[in-house]
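A.B. asks: Quick one: the structure is below, questions incoming.
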Amino acid sequence: MAGRTVAQKIWDAHLVRQAEGEPDLLYIDLHLVHEVTSPQAFEGLRLSGRQVRRPDLTIATQDHNVPTDTRLEPFADPLSQQQVEALRTNCAEFNVPLYDTLDPRQGIVHIIGPEQGLTQPGITIVCGDSHTSTHGALGALAFGIGTSEVEHVLATQTLPQAPLKQMSIEVTGELPNGCSAKDVILTILNTIGTGGGVGHVIEYRGDVIRSLSMEGRMTVCNMTIEGGARAGLVAPDETTIEYLRGRPHAPAGAGWDAAVARWSELRSDDDAAFDREVLIAGDQIAPFVTWGTNPAQSAPVTGAIPDPQSLETASARESAERALAYQGLEAGTSIADIAIDRVFIGSCTNGRIEDLRAAASIIGGGRVADGVHAMVVPGSGLVKQQAEAEGLADRFRDAGFDWRDAGCSMCLGMNPDILSPGERCASTSNRNFEGRQGPGGRTHLVSPAMAAAAAIAGHFTDVRQL
Amino acid sequence: MDAVTTIRGTAIPLDRADVDTDQIIPAKYLKRIERTGYGPFCFEAWRKDPDFVVNQPQYQGASVLLAGQNFGCGSSREHAVWAIQQMGVGAVIAPSFGDIFRNNSAKMGLLTVALAPEDVAHLMRLAEGEPSAAITVDLEAQTVSAGGWSRSFEIAPFVKQRLLNGLDDISMTLTHADEIAAFESERPPELPATA
Chain R
1 MAGRTVAQKI WDAHLVRQAE GEPDLLYIDL HLVHEVTSPQ AFEGLRLSGR
51 QVRRPDLTIA TQDHNVPTDT RLEPFADPLS QQQVEALRTN CAEFNVPLYD
101 TLDPRQGIVH IIGPEQGLTQ PGITIVCGDS HTSTHGALGA LAFGIGTSEV
151 EHVLATQTLP QAPLKQMSIE VTGELPNGCS AKDVILTILN TIGTGGGVGH
201 VIEYRGDVIR SLSMEGRMTV CNMTIEGGAR AGLVAPDETT IEYLRGRPHA
251 PAGAGWDAAV ARWSELRSDD DAAFDREVLI AGDQIAPFVT WGTNPAQSAP
301 VTGAIPDPQS LETASARESA ERALAYQGLE AGTSIADIAI DRVFIGSCTN
351 GRIEDLRAAA SIIGGGRVAD GVHAMVVPGS GLVKQQAEAE GLADRFRDAG
401 FDWRDAGCSM CLGMNPDILS PGERCASTSN RNFEGRQGPG GRTHLVSPAM
451 AAAAAIAGHF TDVRQL
Chain C
1001 MDAVTTIRGT AIPLDRADVD TDQIIPAKYL KRIERTGYGP FCFEAWRKDP
1051 DFVVNQPQYQ GASVLLAGQN FGCGSSREHA VWAIQQMGVG AVIAPSFGDI
1101 FRNNSAKMGL LTVALAPEDV AHLMRLAEGE PSAAITVDLE AQTVSAGGWS
1151 RSFEIAPFVK QRLLNGLDDI SMTLTHADEI AAFESERPPE LPATA
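Chains as they are written, first to last, in our numbering: chain R, 1 to 466; chain C, 1001 to 1195.
Put into structure tokens, the structure is as follows:
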């Protein structure tokens, strides 16, 4: 048998049916559900008289809509209230477990899966959310789906899928001082572009990836979709096993030993063939800041905004010109000269405890600059509790940061946390699309440390110099 | 899903690359719990500009959308597909598409036709120069044609048959319920459960 990649092994182990002329039918081990992409799917089940096949492999939470200043209901926005309630009703009717708004386990769906130990190596995970790729950090095959597919998985616990091409991204050498997992993925995106991974599943390899903590790997896998690939993963290793040990839904006793034995074998064969291989040297990595309106339009903090005319293709030139016009920026401006109005630290990309520690460690004796509003939104209720127990919340508050409850918040502006038109934000989230954080808002993607440093300086600043 | 055979009509030349799903339908409209009513909000931010191509009178009633590479990148929101369909468009032609958007389109019966960049550019110039020109996307023949010009496109045979016959994926999968049950009986017992 020819060598196989990790993704191919997981795929093969989940084949319910494989037949000529049909897509493969894959079994889904874990289905994560949130309030935004599920109501029409549950309604579909109701209309066709179908049940949820495996509520015990399904978990729901509210994350996109929930306000982060109060959990008191009704919420200010009646539509958000309606959607949050619809999930409650649907979960009750179809017996789906729900981490409801007041449950300490509530949080961003991609934070809570790993946190609860539900996300495990070798399993298949789907969710009606493109950042489902996050869970690949633990060696799972995890990808985002649309609402029709959500309904399909609810009804059948399977998904018909055409095979994906295999792509390897190897990051060699060492992670430079002052750089984080966010800088790794921003560097990768700057190299492969927004469409570089379309049609592929990416396996992240190499010493830099291996050196990252589990949470750092989640940050990298999270933004896989920003390069066009639906799924990205890291083969499990000792870091993965230690992360899972003792988590609420991790196996125990003999089940733990059986699972660890299974996980330990899960790696790509030496002769596995990748359709595309990309090599990135660790010394290319620097604290990156996006200047444009897609996550690949970025530059190191020591750099400047490029001249669109210097770009290779007509399409890239037009795209850069449009982006600079929208962002209110000019070619040649030094990144460090860009002043900001808002800071957002949080999201499924960077809302975990290590992210909050990294941001808090930058504060020193500083305070949020005059005229800047900086918000810290933990990724889950449990992250919030831990940050409070560690004293991070007090450090943020004492320095003038706004400390909030868990949710997706300003990553996509579905709750009241949005930018005003023209406001410029240093954000640890994943998308800098036009209007993503509010109509007319201007987003610059950065790491948690870079965001905290920008909050205090009032403009982008190189964390390596602090 | 209704069966899809041929889409014929005028085309909107949206000559932009990396059109993401936040542009197609902003997040604030995802709070609705219905599947309908998204058409008026399609490309909402760009439509505030009266000169935006979708607003131009000569492109009203179009049933084809022409776009640059990586159309539909970004989030998994199927609402983007619903919004485009509810604007009256039945086929999108671009050099490439976001994977999730393309999957969602196939489920909903919105045709996503990938043509070579120079062929998309040809159609773009045609729609710009002659807005009343009709473009035909023939799913059975797998061709895009306009006047005497024609190109063939690829589509997975299974997806094509589903679309041509308007088949429901879930019903098709449920005919394999025995195989699903057989697979389930073999799953390792220590796999995670939520309840």
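Beta carbons: idealized from backbone N, C-alpha and C, even for Gly.
1. Under 8 Å between C-beta atoms, does threonine 1112 of chain C make it to chain R?
2. Can you pull the chain C neighbours of histidine 152 of chain R, defined as C-beta to C-beta under 9 Å?
3. For isoleucine 169 of chain R, which option in R:His152, R:Arg50, R:Gln465 and R:Cys221 has the closest C-alpha, if you only look at C-alpha atoms?
4. From which residue to which residue does the beta strand (DSSP E) around glutamate 434 of chain R run?
5. If I measure Cβ to Cβ from phenylalanine 1052 of chain C and keep anything under 6 Å in the same chain, skipping five residues before and after, which residues do I get?
6. Three or more C-beta pairs closer than 8 Å, one from the region 78 to 94 of chain R and one from the region 356 to 375 of chain R: is that the case here?
7. Between the Cα of valine 171 of chain R and the Cα atoms of R:Pro163, R:Leu186 and R:Asp77, which residue gives the shortest distance?
8. Can you check whether the C-beta of serine 1185 of chain C is within less than 8 Å of a C-beta belonging to chain R?
9. Need the endpoints of the beta strand (DSSP E) that methionine 1108 of chain C sits in, please.
10. Cα-Cα, which of R:Met214, R:Ala254 and R:Asn177 is closest to glycine 282 of chain R?
11. For isoleucine 1093 of chain C, I'd like the list of residues in its chain whose CB is within less than 7 Å of its CB, leaving aside the five on either flank, ordered along the chain.
12. Starting from glutamate 238 of chain R, trace the alpha helix (DSSP H) both ways and give me its first and last residue.
13. Among R:Met223, R:Gly253, R:Leu102 and R:Thr428, whose alpha-carbon lies nearest the alpha-carbon of alanine 142 of chain R?
14. By the DSSP assignment, the beta strand (DSSP E) with proline 1013 of chain C in it spans what residues?
15. Between which two residues does the alpha helix (DSSP H) harbouring serine 110 of chain R extend?
16. Does the distance from the C-beta atom of isoleucine 1033 of chain C to that of alanine 155 of chain R stay below 8 Å?
17. Could you give the C-beta distance for glutamine 1161 of chain C and serine 1152 of chain C, rounded to a whole number, given that I count them as a contact under 8 Å?
18. At least one CB of chain C closer than 8 Å to the CB of proline 160 of chain R: is that the case?
19. In chain C, which residues lie less than 8 Å from serine 130 of chain R when you measure between Cβ atoms?
20. Go ahead and label glutamine 1060 of chain C buried or exposed: buried means 16 or more other beta carbons lie within 10 angstroms of its beta carbon, across all protein chains shown.
21. Among residues of its own chain, excluding the 5 on either side of glycine 1166 of chain C, which ones have a beta-carbon nearer than 6 Å to its beta-carbon?
22. Tell me whether threonine 1005 of chain C is buried or exposed, calling it buried when 16 or more other Cβ atoms sit within 10 Å of its Cβ.
23. With 16 other CB atoms within 10 Å as the buried threshold, where does glutamate 265 of chain R fall?
24. Can you pull out the residues from the region 12 to 35 of chain R whose beta carbon lies closer than 7 Å to at least one beta carbon of chain C?
25. Taking 8 Å as the threshold (C-beta atoms), are asparagine 1104 of chain C and threonine 194 of chain R in contact?
26. Aspartate 56 of chain R CB to nearest chain C CB: under 8 Å?
27. Going by DSSP, what residues sit across from alanine 125 of chain R in a beta bridge?
28. Would you be able to state if there are at least three C-beta pairs under 8 Å between the region 121 to 141 of chain R and the region 1070 to 1081 of chain C?
29. Output needed for aspartate 271 of chain R: all residues of its chain with C-beta closer than 8 Å, excluding positions within five of it in sequence on either side, in chain order.
30. Quick one, are the C-beta atoms of phenylalanine 1097 of chain C and threonine 1021 of chain C less than 8 Å apart?
31. Run through the DSSP bridge pairs and tell me what leucine 47 of chain R is partnered with.
32. Can you tell me which of the three DSSP states glutamine 1056 of chain C falls into?
33. Using alpha carbons as the reference points, say which of C:Trp1082, C:Ile1012, C:Gly1090 and C:Gly1129 lies closest to glycine 1037 of chain C.
34. Can you round the beta-carbon distance between aspartate 402 of chain R and alanine 374 of chain R to whole angstroms, since I take them to be within the 8 Å contact cut?
35. Among C:Ala1106, C:Thr1194 and C:Pro1026, whose alpha-carbon lies nearest the alpha-carbon of glycine 440 of chain R?
36. Count Cβ pairs between the region 233 to 243 of chain R and the region 94 to 102 of chain R that sit closer than 8 Å; are there 3 or more?
C.D. replies: The answer reads as follows:
1. Threonine 1112 of chain C does not count as touching chain R.
2. What histidine 152 of chain R touches in chain C: Lys1107, Asp1169, Ile1170 and Thr1173.
3. R:Cys221
4. Taken as a continuous stretch (DSSP letters only), glutamate 434 of chain R belongs to no beta strand (DSSP E), as it is neither H nor E.
5. Trp1046
6. no
7. Each of R:Pro163, R:Leu186 and R:Asp77 was checked against the Cα of valine 171 of chain R, and the nearest Cα belongs to R:Leu186.
8. no
9. Looking at the DSSP string, methionine 1108 of chain C is not in any beta strand (DSSP E); the run it does join, the alpha helix (DSSP H), is 1099 to 1108.
10. R:Asn177
11. Excluding positions up to five away in sequence, the list reads Val1064, Leu1066, Val1113, Leu1115, Val1120, Leu1123 and Val1144.
12. In this chain, the alpha helix (DSSP H) harbouring glutamate 238 of chain R covers 238 to 244.
13. Here the closest residue by C-alpha is R:Met223.
14. 1011 to 1014
15. In the sequence as displayed, the identity of residue 110 of chain R is histidine instead of serine. Where histidine 110 of chain R is concerned, the enclosing alpha helix (DSSP H) stretches over 109 to 115.
16. No, the Cβ-Cβ distance between isoleucine 1033 of chain C and alanine 155 of chain R is not below 8 Å.
17. Actually they are not in contact, since the Cβ atoms of glutamine 1161 of chain C and serine 1152 of chain C sit about 17 Å apart, beyond 8 Å.
18. yes
19. Gly1074, Ser1075, Ser1076 and Ile1100
20. exposed
21. Hits under 6 Å: Met1001, Asp1002 and Ala1003.
22. exposed
23. exposed
24. Val16, Arg17, Gly21, Glu22, Pro23, Leu25, Tyr27, Asp29 and Leu30
25. no
26. Answer yes: the Cβ-Cβ gap between aspartate 56 of chain R and chain C drops below 8 Å somewhere.
27. Looking at the sequence provided, one finds isoleucine at residue 125 of chain R rather than alanine. DSSP output for isoleucine 125 of chain R lists R:Leu30 and R:Ala142 as bridge partner(s).
28. Under the Cβ criterion (8 Å, minimum of three pairs), the region 1070 to 1081 of chain C counts as touching the region 121 to 141 of chain R.
29. Ala2 and Gly3
30. No, they are not a contact pair.
31. Note: leucine 47 of chain R sits in no beta bridge, so no partner.
32. coil
33. C:Trp1082
34. Between alanine 374 of chain R and aspartate 402 of chain R the Cβ distance is about 7 Å, and since that is below 8 Å, they are a contact.
35. Nearest option by C-alpha distance: C:Pro1026.
36. no
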